[in-house]
Each structure stands twice: as structure tokens, then as C-alpha cells.
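Each step along the sequence shown adds one to the number in this note's numbering, with nothing skipped, and position 165 is 161.
Note that beta-carbon positions come from the ideal geometry of N, C-alpha and C, so glycine has one too.
Since we're looking at a predicted model, the values are computed, not measured.
Input: a single structure, listed below in C-alpha cells.
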Amino acid sequence: MLAARRAGAQHLPGSSVLRSVIAPATTEDFDRWPPERRDRARAEAIVRLRRHRDSCPGELLVDGHFSLRERGTGRLHRVFTPEDIEFYDALVLIDASAAQVLAWRASDPRTRPVESSAEIDEHRHFERAQGVAIAAEMSITLLIVEDIALEDRVSKINHFLTTRGQP
């Protein structure tokens, strides 16, 4: 894991923070909430991430998405909020082929909605476009990592975080 390889760094899945905010509701419940209520929950998740970052002796590496597919409608939408933009100071997009995503999902014990290769590719392209747009809004570099091998991904991300995109 990347966090274990960077001195003092901690890794935190962003979805786990959001789940703690909405508990005892589920993410399926969250998807049915009105947009204003979802926005409030996301804002509270950022408040909690700030607290965690303030107590973290090194870097806090948070994984998450720029966009998600709504379970009910299948529509892709941006989930990166203004609060996210204020919180993050580096962005990394891990990209992989639809075949690789399907392989990862096959080994994941979590239950996920079934998506075709075409739907995964559609989401990958949307996610990338959102990442590029958000990085431009934030005036920071977006690292896009397309390597499948974990060691290669870790190496590129470590270099990026050490140099913040400088050659």
C-alpha cells in the first residue's frame, strides 16, 4: 500500500468517511436522498477529513472518485465538490482498461452493480474528463497512472507526491 511506503503517510478511503457520516443509512439510501442532503453529508465528510489530516503526522492519502454513476438512473455525474477543491492539494487518477476493472471487481468481495465493458469505458472517460477539468479549476497537475502493476503505480505516485509534478 502506498501509505506504508511514505514516512508518516496515512491512507483513508473517502467512501469510508462518507459511510461514517451517513450511518446507519446505507450508500443505497444516500443515493435516494435529495441533492441538498447529499451535499450536506459530503461537506461533513470533508470536515472529518480535515480533522484527520490535522492529526496525521505525514501526508493523508484519500482515495475516491471525481464522478459516480447513479444507481437508479445510470447517469454519470460529478461528485467532487467545492469543499473537495478546497481540501485537496494533489490529484492522482488511476486508470485501467475495462477488462482490468472487471478482473479487479471479480476478486472484490463487495457486491457491486453489474456494468458492461462499454459502461465501464464510458465511466472511465467521464472520470478522466472530470479529473482534467478539476485539476484545471484548482490550477494543479493531475497525475494519470495507467500502469496495472502495483509497484509501478506506487513508484509513479511516490515520485509525483515528492515532486508535486515538477520534473
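Exercise. Mind checking E147: buried by the 16 CB within 10 Å criterion, or exposed?
Worked result: exposed
Problem set entry | L64 to R74 span [Cα, whole Å] | 7 Å
For this session: Tell me whether D27 is buried or exposed, calling it buried when 16 or more other Cβ atoms sit within 10 Å of its Cβ.
Result: exposed
For this session: List the DSSP bridge partners of R65.
Result: L72
For this session: Could you check what DSSP says for P9 in three-state terms: helix, strand or coil?
Result: strand
Exercise. In this structure, does DSSP put D148 in helix, strand or coil?
Worked result: helix
Exercise. What span of residues does the alpha helix (DSSP H) with I136 cover, start to end?
Worked result: From DSSP, I136 is part of no alpha helix (DSSP H); its letter is neither H nor E.
For this session: Could you tell me which residues DSSP pairs with D143 in its beta bridges?
Result: None, per the DSSP bridge assignment.
For this session: Would you identify the three-state DSSP class for D104, choosing helix, strand or coil?
Result: coil
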